[in-house]
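Engineer: Read top to bottom, the protein sequences are chains A and B. The first sequence lines up with residues 1 to 313 when you count with our numbering. The second sequence lines up with residues 1001 to 1365 when you count with our numbering. For glycine and all other residues, C-beta sits at the position ideal for the given N, C-alpha and C. Source: prediction; values computed, not measured.
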Amino acid sequence: MKIKTTIAAACTASLLSTAAVGQTVGFAMSEFNDNWLTVLRLAAADHAESIGVNLIIEDGQSDAARQLDQINNFIASGVDAIMIIPHDASGAQAMTDAASAAGIPLVYVNRYPINLDTLPDDQAVVASDETESGTLQTFAVCQILRASGAEGKFYILQGQLQHPAGIQRTKDIRDVVSMDMCSFMTEVDLQVGNFYRDQASDLMTNWLSSGEDFDAVIANNDEMAIGAIQAIKAQGIDMDDVIVAGIDASQDALLSMQAGDLDITVFQDAPGQAVGGLDTALALARGEDVARLITIPFKLVTPENMHLFMSEN
Amino acid sequence: MADRSAYGTGGLAFDKSRMTWPNEVNVFLALILLIGIFELLGQLLPYMNNQSLLFDFNTKRDGTILNMARIKIIILQVSIIGIIALGSTQVIISGGIDLSPGSIVGASVMIAMSFAQTELVNGNPNPKAIFGPWAMDLPVIVPILVALACGIAAGATNGFLIAYTRIPPFIATLGMMVTARGISKWWSKGAPVSFPTEEFGLIGNGLGGWMPVVIFVSLAALFHIILRYTVYGKHTYAIGSNEEAARMSGISVSRHKVMIYAIAGMLAGVSALVLSSKNLTAQAGMGLMYELDAIAMTVIGGVSLAGGRGSIVGTVLGALIFGVIISGFTYLRLDAFYQEMVKGVIIVSAVVLDQWRQRRAAART
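1. Is the Cβ of Asp1056/B closer than 9 angstroms to any Cβ of chain A?
2. Measure the alpha-carbon distance for Ser324/A versus Asp240/A and round it to whole angstroms.
3. Rounded to whole angstroms, what is the Cα-Cα separation between Leu1222/B and Ser1311/B?
4. Does Arg292/A get closer than 9 angstroms to chain B when you measure Cβ to Cβ?
5. From Val1140/B to Val1091/B, what distance separates their C-alpha atoms?
6. Which of helix, strand or coil does DSSP assign to Gly1010/B?
7. Should the region 1254 to 1265 of chain B be regarded as contacting the region 1079 to 1095 of chain B, the criterion being three or more beta carbon pairs within less than 8 angstroms?
8. What residues are listed by DSSP as bridge partners for Val155/A?
9. Between which two residues does the alpha helix (DSSP H) carrying Lys1257/B extend?
10. Which residue comes first and which comes last in the beta strand (DSSP E) that contains Leu55/A?
11. Output yes or no for whether 9 angstroms exceeds the beta carbon distance between Gln235/A and Leu208/A.
12. Please list, in chain order, all residues of the same chain as Val301/A whose beta carbon is under 6 angstroms from its beta carbon, the five residues on each side excluded.
13. To the nearest angstrom, how far is the alpha carbon of Met1176/B from that of Met1113/B?
14. Can you pull the DSSP bridge partners for Pro1125/B?
15. Could you name the residues of the region 186 to 215 of chain A whose beta carbon sits closer than 8 angstroms to any beta carbon of chain B, in the order they occur along the chain?
16. So Leu157/A and Ala200/A are supposed to be a Cβ contact under 8 angstroms. How far apart are they, rounded?
17. Using 9 angstroms as the limit for Cβ to Cβ distance, is Pro1168/B near chain A?
18. Three or more C-beta pairs closer than 8 angstroms, one from the region 1194 to 1213 of chain B and one from the region 1272 to 1288 of chain B: is that the case here?
19. For Ser30/A, which residues of its own chain have a beta-carbon under 6 angstroms away from its beta-carbon, when the five flanking residues on both sides are left out?
20. Skipping 5 residues on each side, what residues in its chain have a beta carbon closer than 7 angstroms to that of Tyr1290/B?
21. Using a Cβ-Cβ cut-off of less than 8 angstroms, list which residues of the region 1123 to 1151 of chain B approach chain A; keep chain order.
22. What does a CB cutoff of less than 7 angstroms around Met185/A pick up in its chain, not counting 5 residues either side in sequence?
23. Could you tell me which whole beta strand (DSSP E) segments of length 3 or greater appear in the region 204 to 260 of chain A?
24. Any beta carbon from chain B within less than 9 angstroms of Gly227/A's own beta carbon?
25. Note down the Cα distance separating Val1078/B from Ala283/A, rounded to an integer number of angstroms.
26. For Ile1074/B, which option in Val1324/B, Asp1335/B, Arg1360/B has the closest C-alpha, if you only look at C-alpha atoms?
27. I'd like the span of the beta strand (DSSP E) that includes Thr295/A, first residue to last.
28. To the nearest angstrom, how far is the alpha carbon of Val1348/B from that of Gln1339/B?
29. Could you tell me which chain A residues have their CB closer than 8 angstroms to the CB of Phe1337/B, listed as they occur along the chain?
30. Between Ala1191/B and chain A, is the shortest Cβ-Cβ distance under 9 angstroms, so that the two count as touching?
31. Count the other CB atoms, across all protein chains shown, that sit within 10 Å of the CB of Ile1093/B; report buried if there are 16 or more and exposed otherwise.
32. If you count every other CB in all the chains shown that lies within 10 Å of the CB of Tyr1331/B, and 16 or more means buried, which is it?
33. Hey, how far is the Cα of Ala1180/B from the Cα of Lys1189/B?
34. Who are the neighbours of Gln251/A on chain B, taking C-beta pairs under 8 angstroms?
35. Is the CB-CB distance between Gly1250/B and Gly1095/B below 9 angstroms?
36. Chain A partners of Arg1070/B, CB-CB under 8 angstroms?
The structure is reproduced here in structure tokens:
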């Protein structure tokens, strides 16, 4: 790694003269399997290459303990700054303590750590406000159902039970439905699809086998929404009769929307978080003052404005 | 034991009939019992409005008194892991264990799907293209052969390691599990591979969505015949019962093991094809932990982890028990937490009951 760093520094130093060149940043990802996180990871790698930073990316394999070990490895190899997407936000204190004791700046990306209010000066958070996504999504479903005069019966497809985004998005759905304007909606059932397309498809088929009427499916991410759509289409139901909503605005989802299947998704800015996270980490490494919390906004995506997002995630 | 004296010495005849009762019958009874419990709960729980798991007396949506949609999903949702379990059954009967098929699925879906992509999606160029135009819209046989080749290569590697370096199957396949998962993530740097050709989509969605079931049942029938009636099958049982004795009697144990693991790998390849086709996408995380579900299905079906005992019929019944649990819980609208807890309890109880039955049978002879 050292040789690589030296070569990278030698090559780029002559071309560029930004302060970042030759610096090394460790990036501990919560997992490599997730599609949306892959977009974020590739964006971070691209941005690092373009500004001449050596970015070391680790796969936490959805294990908070493994992530802490990776941070300690980064510290031991003397990186200039650390970025982390914590698998478990409640385990953040130990990570903060480890980086802080070594005097290395730390940036939490994508998720709010539990110790957000007590972060030391050389640590920051770059994330989207997770309460926005489920709210935007469910409110849009509510508006469509209200306009069509439908009964408003819906299913919820949740992500992993312990996953903070899944928990928050599901809570948002229920919060919106408890508002006066949307209280006509009724939740038929909730099941856990673990963010996976295949599991969501099987769950939807199980629901369809009960013969229960429904008007909408609200999924915690696009992959599960697409799984539900595949199951609904396999039963020969017209997609115009069902509202399906996801979150992420992934490529697959936007093409599904273009085909008239998916009705609603929410854009979470993966490149924005990646670039913001890396720039913040470098700013902290230079000793600059940065805001403790930098939020990247969510945006609602519907067939009307989807063309704006086609090349984003 | 106490009631045994009631039969006197004549009790032997009674015991004998109990002993010849094949284990599959027990597994089948367990399946019926489980369905009965769900049907009963459907009648007893007030919020269920007397719904039934397998029947549909009131609306007859399918034109029969059966709820065909639910019967279909019960089998459909275990078909893909069931195909893997057919391989695990053979491996476990031979006295081995295979931890790698889930990861082999992960690697195979990524590699095979790269040869199954279509050039245009809704008129746009495929945003997930892995290779250039030369690999677009290829005949469906190409990804099929690629997936099978990946599976066989990985499986045969397992077999060679186990047979010729003499490392325990647990270690060899653990290595393959980690390596193959690494390959699946490395192949496209974690990005999903999507938008296959229409023909490729038929592997998992053809015949009105019944295709995975048809593939699973056909393969189960095929391997049932192979295990029961061919030399390959007899040698597999022989090696599992007593490897030394099998070697003494002239069976080429090493070569046979390579074959068993290669077949298990090939079945993982088939499973990968069905999985990626059914979902019209390939993702690096696909197949995660499938091996454990597959092993659980075989164990519930009465395959002994000590080797030498078990059958394909048992494994298929074990898979159906899994399917009934998953659908039963959605039907009762119970959360996924309980589903996992009950699955765990059922796996352990199946083995405890089986051991108890065997000990009792042994005590009587």
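Structural biologist: So, to answer that:
1. Taking 9 angstroms as the threshold, the shortest C-beta distance from Asp1056/B to chain A falls below it.
2. Summary: the structure shown does not reach residue 324/A, with chain A confined to residues 1 through 313, and so no result is reported for it.
3. Distance between the alpha carbons of Leu1222/B and Ser1311/B is about 12 angstroms.
4. Answer no: the Cβ-Cβ gap between Arg292/A and chain B never drops below 9 angstroms.
5. If you take the alpha carbons of Val1140/B and Val1091/B, they lie about 30 angstroms apart.
6. With a pLDDT of 46 at Gly1010/B, under the threshold of 50, the predicted position of this residue should be treated as unreliable, and no value is reported.
7. Contact between the region 1254 to 1265 of chain B and the region 1079 to 1095 of chain B is present, because at least three Cβ pairs lie under 8 angstroms.
8. A quick correction: the sequence has Tyr, not Val, at residue 155/A. Under DSSP, Tyr155/A shares a beta bridge with Asp189/A, Val217/A.
9. Start and end: 1253 to 1279.
10. First-last of the beta strand (DSSP E) with Leu55/A: 54 to 59.
11. Cβ distance < 9 angstroms, so Gln235/A and Leu208/A count as in contact.
12. Ala249, Thr265, Phe267, Phe309, listed in sequence order.
13. Using only the alpha carbons, I get a separation of about 21 angstroms.
14. As computed with DSSP, Pro1125/B is found in a beta bridge with Leu1120/B.
15. With the criterion set as a beta carbon lying under 8 angstroms from some beta carbon of chain B, the members of the region 186 to 215 of chain A are Asp189, Leu190, Gln191, Val192, Tyr196, Arg197, Asp198, Ser201, Asp202, Leu203, Thr205, Asn206, Trp207, Leu208, Ser209, Ser210, Gly211, in sequence order.
16. Going by Cβ atoms, the distance from Leu157/A to Ala200/A rounds to 5 angstroms, so yes, they are a contact pair.
17. Under the 9 angstroms criterion on CB atoms, Pro1168/B is classed as non-interfacial with respect to chain A.
18. Enough Cβ pairs lie closer than 8 angstroms, so yes.
19. Only residues of its own chain outside the window of five on either side were considered, and among them Gly60, Ile85, His87 have a CB closer than 6 angstroms to the CB of Ser30/A, listed in chain order.
20. Cβ neighbours of Tyr1290/B beyond the five flanking positions: Ile1081, Ile1084, Pro1101, Gly1102, Val1105.
21. Within the region 1123 to 1151 of chain B, the residues whose Cβ lies closer than 8 angstroms to some Cβ of chain A are Asn1124, Pro1127, Lys1128, listed in chain order.
22. Counting only Cβ-Cβ distances below 7 angstroms, and skipping sequence neighbours, we find Cys142, Leu145, Gly152, Phe154, Val177.
23. Runs found: 216 to 219, 243 to 245.
24. True, the Cβ-Cβ gap to chain B drops below 9 angstroms.
25. As the crow flies, the alpha-carbon of Val1078/B is around 51 angstroms from that of Ala283/A.
26. Measuring from the Cα of Ile1074/B, the nearest candidate turns out to be Val1324/B.
27. 293 to 295 is the span of the beta strand (DSSP E), which, as asked, contains Thr295/A.
28. So the alpha carbons of these two residues sit roughly 15 angstroms apart.
29. At a C-beta separation below 8 angstroms, Phe1337/B has these neighbours in chain A: Leu161.
30. For Ala1191/B, at least one C-beta of chain A is nearer than 9 angstroms to its own C-beta.
31. Buried, because 16 or more other Cβ atoms sit within 10 Å of the Cβ of Ile1093/B.
32. Taking all protein chains shown into account, Tyr1331/B has 16 or more neighbouring C-beta atoms within 10 Å of its C-beta and is therefore buried.
33. Rounded to the nearest angstrom, the gap between the Cα atoms of Ala1180/B and Lys1189/B is 14 angstroms.
34. What Gln251/A touches in chain B: Pro1127, Lys1128, Ser1194.
35. Not in contact: Gly1250/B and Gly1095/B (Cβ atoms no closer than 9 angstroms).
36. The contacting residues are Asn206, Ser209, Ser210.
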